[in-house]
Amino acid sequence: MVASVANRQYGAGDGPHPGAPGPAIFLSPHYDDVVLSCGGTVAALAAGGWQPLMVTVFGGETPEELVGDFASWKHSRWGYASADDVLTVRRAEDTAAAAVLGCRTRWLGYFDAIYRGERYAADRELFGELREVERALVPLLADEVSSLPEWEPGTAVYVPLGVGGHVDHQLTFAAGQLLAARGIPVFAYEDCPYAIHTPEGVDRRLTALSGQVGPPALVPIAEALDRRIAAIAAYTTQLPVIFRFTDDMPGALAGHAARVGGALGPAERYWPVLATSDIQCAEGSEGR
Amino acid sequence: MQVTVQPQPGGAAVMILAGRLDLLSATQVRQEFAAAVAAGHHRLVVDLAAVEFIDSTGLGSLVSGLKAARLAGGDLRLARPAQQARTILQLTTLDRVLKPYATTEEALVGY
C-alpha cells in the first residue's frame, strides 16, 4: 500500500506517512468512526500482517443515572432501551466489524458526550464548542493511548480530523496533537459520513485548524474498499441514522472514495498532525 | 493491584485497593467485586486512599462493580480518593453517580 500526495508516491524510505507498513493505532471516538472513515486503510494494514488496533475512546460502560433526557432521546432514535443495551449491542457490532477488517479492538472507559451531565444537552451543543472543563481530558487520553499494552516503538496513531465538529471528535483530535508534540507520527482521517454528506465541512475544519495539520496524503484502498463497506454494514443499528441522507450506502461510500482518490482510484485521505504547543478545539456546526 | 476485603455487618464490606487502577488491573478488580458480591457483600465501600492512579479502564471496573452490587440489591460507594482519582471522577462526570466520601465510616453510614 502506498500513500500519495498529489502526484507524489511515498516509498519505503520516506519516513512516516499514512498507511505506512508498521504498528498502528486508530482512535475511534465512538464505535463506528474508524470503520466508517478509514476502514480500508485498517483492512490493508491487517492484510499486510500488521495487526492494527482500533481503540474506541468514548464507549465506556455507563451507569443509568447518567442517561438524561438528551441521551434518552438518542437511545430511542437508535432503538436502544438502556445504556446497558447500547453497550451490549454496539460492542457486538464493533467486534463483528473488526473481524471483517481483520483488526484488533480495545474499548476505553470514557463516557460518550451525551452522558457527560449537562455539558451537552442538545445536538447543537454536541457539535459545537468544547466545554472548557473538558480540555483536561486531552492529556489523560493521550497518556492512556501511549500506555496501551499494544503500544510499541514506531506506532503511528490515527485520529479524526474533526469534520462535523462533534466534541468527542474534537477531543480525540486534540489528543493526537499532544501525541504529535511528543514526536509520535499522527495522521488525521477524514470523518465520514460527515465528509460525504457535507463536503464543505472538510474545508471549514481545515480553515479552523490552519497551521495545525500538513498537506493531505491519499491511501489507495481499491483492494480493501469492499471489506470497508462490509465492515460498516455490521453496525446495523446505526445505519438508518448515519446514512439517512442516502438509500445507497455502498454507492455513497464508493463514490466518495473515488472522488477522493481521483486518478489514483478509490482512496482514503489523511492529514499529518503537526507538532505544536497550541492544542486546538475548533467549533463545528454539522449535526448527526 | 492489591485488594483487601474487610467484611462489615449487614452484608457490607470495605474493599481496600492499593496500586494503579488501570487497564492492567481492571479485570482483576472486576473479578474481586464479583467475588465479593457473590460472597454476600452487596453493600461495598471502596477505599481508594492507596490508589495512586486511575485511568478510564479503571473507572470502568468501578462502574462494573456498582452494577454488580446493585443487581444484588446493594450499592457501591467510594471513600478517600486521592487527588488524581477525584480529578478523573469529576472530568468524566462519574462523581455524579459515585460521590466520594471522606472516610470509610461515613461511606458505611446509611447502608
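Chains as they are written, first to last, in the working numbering: chain D, 119 to 406; chain Z, 1060 to 1170.
Idealized CB from N, CA, C, for every residue including glycine.
None of the values given here were measured: they were computed from a predicted structure.
{"Query": "According to DSSP, simplified to helix, strand and coil, what is D/V304?", "Result": "strand"}
{"Query": "Between the region 178 to 192 of chain D and the region 223 to 241 of chain D, can you find at least three pairs of beta-carbon atoms closer than 8 Å?", "Result": "yes"}
{"Query": "Short of 9 Å Cβ to Cβ, which residues in the region 247 to 270 of chain D face chain Z?", "Result": "V251, E252, A254, L255, L258, L259, D261, E262, S265, L266 and P267"}
{"Query": "Return yes when the Cβ of D/Y307 is within less than 8 Å of the Cβ of D/P278, no when it is not.", "Result": "yes"}
{"Query": "For Z/G1070 and D/L154, what's the separation of their Cα atoms in angstroms?", "Result": "48 Å"}
{"Query": "Closest to Z/P1159 by C-alpha separation, out of Z/L1107, Z/A1097 and Z/R1089, would be which residue?", "Result": "Z/L1107"}
{"Query": "Cβ of D/Y353 within 7 Å of any heavy atom in the ligand NAD?", "Result": "For the structure depicted, the ligand NAD is absent and the ligand set is empty, with no information on it obtainable."}
{"Query": "Could you name the residues of the same chain whose beta carbon sits closer than 7 Å to that of D/A352, not counting the 5 residues immediately before and after it, in chain order?", "Result": "E211, A214, A215 and V218"}
{"Query": "Span of the beta strand (DSSP E) holding Z/V1110?", "Result": "R1102 to I1113"}
{"Query": "Report the rounded CA-to-CA distance for D/A231 versus D/V251, giving the unit in angstroms.", "Result": "13 Å"}
{"Query": "Closer than 8 Å, CB to CB, is D/G186 near chain Z or not?", "Result": "no"}
{"Query": "Please report whether the beta-carbon of Z/I1075 lies at a distance below 8 Å from any beta-carbon of chain A.", "Result": "The chain labelled as chain A is not found among the protein chains of the depicted structure, namely D and Z."}
{"Query": "Tell me, please, which residues DSSP counts as bridged to D/E386.", "Result": "D/V337"}
{"Query": "Taking a Cβ distance cut-off of 7 Å, strictly less, list which residues of the region 1146 to 1160 of chain Z are near chain D, in chain order.", "Result": "I1147, L1150, T1151, T1152, R1155 and V1156"}
{"Query": "DSSP three-state label for D/G373, please.", "Result": "helix"}
{"Query": "Find the nearest neighbour of Z/T1086 within the set Z/Q1061, Z/P1068 and Z/V1073, judged by alpha-carbon distance.", "Result": "Z/Q1061"}
{"Query": "Could you round the C-beta distance between D/P334 and D/Y388 to whole angstroms and report it? I think they count as a contact, below 8 Å.", "Result": "7 Å"}
{"Query": "Please state whether the Cβ-Cβ distance between D/V256 and D/V275 is less than 8 Å.", "Result": "no"}
{"Query": "Ordered along the chain, which non-local residues of its own chain (more than five positions away) have a Cβ less than 7 Å from that of Z/Q1067?", "Result": "V1073 and L1167"}
{"Query": "Out of D/V152, D/A161, D/L343 and D/P147, state which residue places its alpha-carbon closest to the alpha-carbon of D/A138.", "Result": "D/A161"}
{"Query": "Would you list the residues sitting across from D/A116 in a DSSP beta bridge?", "Result": "With chain D covering only 119 through 406, there is no way to say anything about residue 116 of chain D."}
{"Query": "Rounding to the nearest angstrom, what Cα-Cα distance links Z/V1156 and D/R234 in this structure?", "Result": "11 Å"}
{"Query": "Kindly indicate the opening and closing residues of the alpha helix (DSSP H) around D/R346.", "Result": "L343 to I350"}
{"Query": "From D/R242 to D/Q288, what does the alpha carbon distance come to, in whole angstroms?", "Result": "14 Å"}
{"Query": "Got a sec: which bits of the region 223 to 240 of chain D sit with their beta carbon under 7 Å from any beta carbon on chain Z, in order along the chain?", "Result": "L226, G227, Y228, F229, R234 and G235"}
{"Query": "Which residue or residues does DSSP assign as beta-bridge partners of Z/G1078?", "Result": "Z/V1110"}
{"Query": "Going along the chain, which residues of its own chain have a beta-carbon closer than 8 Å to the beta-carbon of Z/A1141, five neighbours each way excluded?", "Result": "L1107, A1108, V1110 and E1111"}
{"Query": "Helix, strand or coil for D/V175 per DSSP?", "Result": "coil"}
{"Query": "Could you give the distance in angstroms between the alpha-carbon of Z/R1102 and the alpha-carbon of Z/T1116?", "Result": "22 Å"}
{"Query": "Which complete beta strand (DSSP E) runs does the region 1123 to 1148 of chain Z hold, if anything under 3 residues is left out?", "Result": "1134 to 1138"}
{"Query": "With a cut-off of 8 Å on the beta carbons, I'd call Z/A1128 and Z/L1118 a contact; round off their distance for me.", "Result": "The Cβ separation is near 16 Å, so there is no contact."}
{"Query": "Do the CB positions of D/G158 and D/L343 come within less than 8 Å of each other?", "Result": "yes"}
{"Query": "Starting from D/P257, follow the alpha helix (DSSP H) in both directions and report where the run begins and ends.", "Result": "L255 to S264"}
{"Query": "With DSSP as the reference, please indicate the residues paired to Z/A1071 in a beta bridge.", "Result": "Z/Q1067 and Z/R1102"}
{"Query": "List the residues of chain Z that D/G140 touches, going by C-beta distances under 8 Å, in chain order.", "Result": "Result: empty, since nearest Cβ-Cβ is about 22 Å, beyond 8 Å."}
{"Query": "Against chain D, does Z/G1132 count as a neighbour if the rule is that its beta carbon must be under 8 Å from one of theirs?", "Result": "no"}
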